[in-house]
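Reviewing the structure listed below.
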Amino acid sequence: MRQITQRRSSRGFTLVELLVVITIIGILAAMVFPAMTSAMRRTARMTCGQNLKQIQIALEAYFNDNENTYPFTGTTGDSANKHFGLLFPRWCTTETIFICRGAQPRQYKADNKIDQNPTGMTRTDSLKAGENCYAYAFGLGAPNTADSPLACDQLASTGVTSQKWANSGLGSNHGTEGANVVYRDGHVDFKQATSDGQWNTKRYPAMKAVEKGRVVDPANAAPVAGE
6 MRQITQRRSS RGFTLVELLV VITIIGILAA MVFPAMTSAM RRTARMTCGQ
56 NLKQIQIALE AYFNDNENTY PFTGTTGDSA NKHFGLLFPR WCTTETIFIC
106 RGAQPRQYKA DNKIDQNPTG MTRTDSLKAG ENCYAYAFGL GAPNTADSPL
156 ACDQLASTGV TSQKWANSGL GSNHGTEGAN VVYRDGHVDF KQATSDGQWN
206 TKRYPAMKAV EKGRVVDPAN AAPVAGE
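Just so we're aligned, residue 6 is where the sequence shown starts under my numbering, counting upward by one.
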């Protein structure tokens with residue numbers, strides 16, 4: 006009796022089947038990746054808002070302990086002695102709140118060089134006002150109310166005014182979507198970038214100093230003519 010052995014023929018994917026699989030993977034990726042990217046942006050935006058909230062708490066603590074005076078604002082080229090650097094070490098003990106997750110690079114910038122270890126940098130006379138992820142104290146010297154803006158994502162242009170708060174005036178922490186703003190009362194808003202100015206100087210009198218291009222004079226904390 007002869008034993009007949011049957012062999013199963015094996016074959017690989019045909020080109021058509023392979024293309025179908027690739028197409029399905031591409032469709033799934035197109036559905037998943039935007040959702041992941043959007044979730045990451047929302048997370049970065051939320052963390053940024055929490056950073057600004059902590060900065061607001063530190064600024065208000067400094068304000069209360071220094072005869073109702075905020076730290077000097079300084080200008081783009083000034084050293085850390087005239088803005089956030091004054092919060093260390095009494096009113097703030099960590100640098101991480103000054104680093105926005107949405108910003109590139111996501112580290113402090115000291116002396117025009119990227120420090121791979123932000124916590125190890127020297128703050129004194131090294132961190133420039135224009136190199137922060139955040140900016141603050143627009144219009145000090147004008148009336149300050151609970152709904153006055155206190156700090157926000159760094160603006161893209163030092164010459165931006167309150168009526169130019171649009172895509173071209175926002176920083177790149179959150180792309181062209183907008184920017185986080187914290188107010189004196191501690192609440193944080195995400196301002197959507199629009200073609201129209203976001204700031205209303207009638208509602209926010211403190212923003213008039215920005216509109217007129219004025220900065221704060223460290224000597225008396227009153228608006229003076231800007232450069």
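The beta-carbon is built from N, C-alpha and C at its ideal position, and this holds for glycine as well.
According to DSSP, is glycine 31 helix, strand or coil?
-> helix
Taking C-alpha atoms, which residue in Glu22, Ala40 and Leu57 lies nearest to threonine 101?
-> Leu57
If you run the structure through DSSP and keep just helix, strand and coil, what is cysteine 105?
-> coil
Check leucine 64 in the structure and name its three-state DSSP category.
-> helix
Put proline 154 into one of helix, strand or coil per three-state DSSP.
-> strand
Distance between arginine 189 and serine 153 (C-alpha atoms, nearest Å) | 6 Å
Starting from glycine 90, trace the beta strand (DSSP E) both ways and give me its first and last residue.
-> Segment: none, glycine 90 is in no beta strand (DSSP E) and carries neither H nor E.
Give the range of the beta strand (DSSP E) segment to which tyrosine 188 is assigned.
-> 183–188
In chain order, what residues of the same chain lie with their CB nearer than 7 Å to the CB of glutamine 59, ignoring the 5 residues before and after it?
-> Ile102
Is it the case that the Cβ atoms of leucine 155 and valine 187 are separated by a distance below 8 Å?
-> yes
Backbone CA spacing between alanine 35 and threonine 99 [nearest angstrom] | 39 Å
Which of helix, strand or coil does DSSP assign to phenylalanine 195?
-> strand
With a cut-off of 8 Å on the beta carbons, I'd call cysteine 105 and cysteine 53 a contact; round off their distance for me.
-> 5 Å
Please go through the same chain and pick out, in chain order, the residues whose beta-carbon is closer than 7 Å to the beta-carbon of asparagine 185, but skip the five residues on each side of it.
-> Arg50, Cys53, Gly54, Leu57, Cys157, Asp158, Val193 and Phe195
Across which residues does DSSP place tyrosine 75 in a beta bridge pair?
-> DSSP, once it has assigned bridges, lists no residue as partnering tyrosine 75.
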